[in-house]
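Position in the sequence shown counted from 1, then plus 47, gives you my numbering.
Note that the Cβ used here is the ideal one computed from N, Cα and C, for glycine as well.
So the structure is just underneath, and the comments pick up after that.
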Amino acid sequence: MLAERRGLFIGAGLAYTPAMGMDANKSAVLVVAVALAACGGARAKDAPTPSPTSGEEGPVTWDPSWDHDEKADFMKAHVLPEMKPAFQAFSAERWDGFNCKTCHGDPWQDHPRDAIPRLTLKGGEFEVPEDEKPLVEFMKTEVVPKMAALFGQKPYDPATGEGFGCGGCHTVDVVE
Ligand code: HEC
Ligand code: HEC
Numbered sequence: 048m049l050a051e052r053r054g055l056f057i058g059a060g061l062a063y064t065p066a067m068g069m070d071a072n073k074s075a076v077l078v079v080a081v082a083l084a085a086c087g088g089a090r091a092k093d094a095p096t097p098s099p100t101s102g103e104e105g106p107v108t109w110d111p112s113w114d115h116d117e118k119a120d121f122m123k124a125h126v127l128p129e130m131k132p133a134f135q136a137f138s139a140e141r142w143d144g145f146n147c148k149t150c151h152g153d154p155w156q157d158h159p160r161d162a163i164p165r166l167t168l169k170g171g172e173f174e175v176p177e178d179e180k181p182l183v184e185f186m187k188t189e190v191v192p193k194m195a196a197l198f199g200q201k202p203y204d205p206a207t208g209e210g211f212g213c214g215g216c217h218t219v220d221v222v223e
């Protein structure tokens with residue numbers, strides 16, 4: 048499993064560690080802690096959690112400590128509305144029916160990496176058919192930065208090895 052998560056992708060002047068998954072990333076927790084501190088202190092355990100859908104007051108970035116329903120609310124309020132037009136702008140045809148299941152699968156998987164296609168990173172490049180190369184570019188330049196922002200993270204940065212990358216959604220198999 049670990050080997051899967053340690054790829055380094057160099058291409059188009061960008062390097063990606065594909066597997067900067069949310070759950071493997073301590074900086075997510077840090078970012079949230081800082082955000083909470085800035086609003087007057089961390090939330091007490093039993094304090095009511097602000098609902099992600101409670102309007103302007105509601106958080107616009109993810110909190111990994113939310114329960115399942117709170118995460119679903121956030122996805123409805125922010126992830127789907129932002130990601131659906133982005134995917135459809137790239138290909139209205141391919142993502143005509145874009146919805147939660149485009150990322151979560153049918154049958155439903157809590158994490159997209161158990162639902163969407165696995166990626167293979169070989170010799171630092173994603174193995175995709177020639178006609179899928181624009182799609183990889185779209186994932187890098189649109190999907191990763193947007194989703195990183197929604198999760199309150201920076202896009203994967205090769206200089207620090209931190210941030211949200213392909214592995215936040217895909218399982219990545221690294222092949223030498
Ligand atoms: C663009 C892709 C994408 C779309 C669209 C999307 N999600 Fe998610 N969702 C994710 C990712 C990535 C995670 C995992 C976050 C993490 O690592 O904790 C996630 C996590 C979740 C979780 C938390 C699961 C758990 O671990 O308990 C729920 C619930 C959820 N999504 C519901 C939804 C619902 C409902 C919709 C549609 C309104 C939706 N998602 C649409 C990408 C997506
Ligand atoms: C926010 C979640 C998310 C992130 C981050 C993400 N992807 Fe994707 N990716 C998807 C979804 C959703 C699909 C489409 C699944 C479908 O339509 O069945 C997809 C499809 C793909 C496909 C087509 C796979 C196939 O066999 O059809 C490739 C290739 C791909 N992504 C590459 C990447 C690369 C490279 C990165 C990092 C630069 C990346 N993705 C980051 C969500 C994501």
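Residue i (DSSP reduced to helix, strand or coil)
i, result
"E177", "helix"
"E189", "helix"
"V107", "coil"
"F273", "Outside the modelled stretch of the chain, which goes from 48 to 223, sits residue 273, for which no answer is possible."
"G212", "coil"
"E172", "strand"
"D204", "strand"
"E140", "coil"
"S112", "coil"
For residue j and residue i, believed in contact at Cβ under 8 Å, the rounded distance
i, j, result
"H217", "L166", "5 Å"
"M186", "M130", "With a Cβ gap of about 12 Å, M186 and M130 do not count as contacting."
"G225", "W109", "Beyond the ends of the chain as shown, which are 48 and 223, falls residue 225; an answer cannot be given."
"P164", "C150", "So it is not a contact: roughly 12 Å between Cβ atoms."
"V191", "G212", "6 Å"
Terminal residues of the beta strand (DSSP E) in which residue i lies
i, result
"K169", "166-169"
Range covered by the alpha helix (DSSP H) that runs through residue i
i, result
"D120", "115-121"
"P128", "127-137"
"T218", "Per DSSP, T218 belongs to no alpha helix (DSSP H) and is neither H nor E."
"H158", "No alpha helix (DSSP H) contains H158, which DSSP labels as neither H nor E."
Among the options, the one whose alpha carbon lies nearest that of residue i
i, options, result
"D220", "G210, P192, L168, P154", "L168"
"E172", "P164, P128, V222, E189", "V222"
"M122", "G208, L197, E209", "L197"
* Around ligand 1, Cβ to any heavy atom closer than 5 Å, ordered along the chain -> Going along the chain, the residues that qualify are M69, H115, K118, A119, M122, K123, V126, L127, M130, C147, C150, D157, P159, C216.
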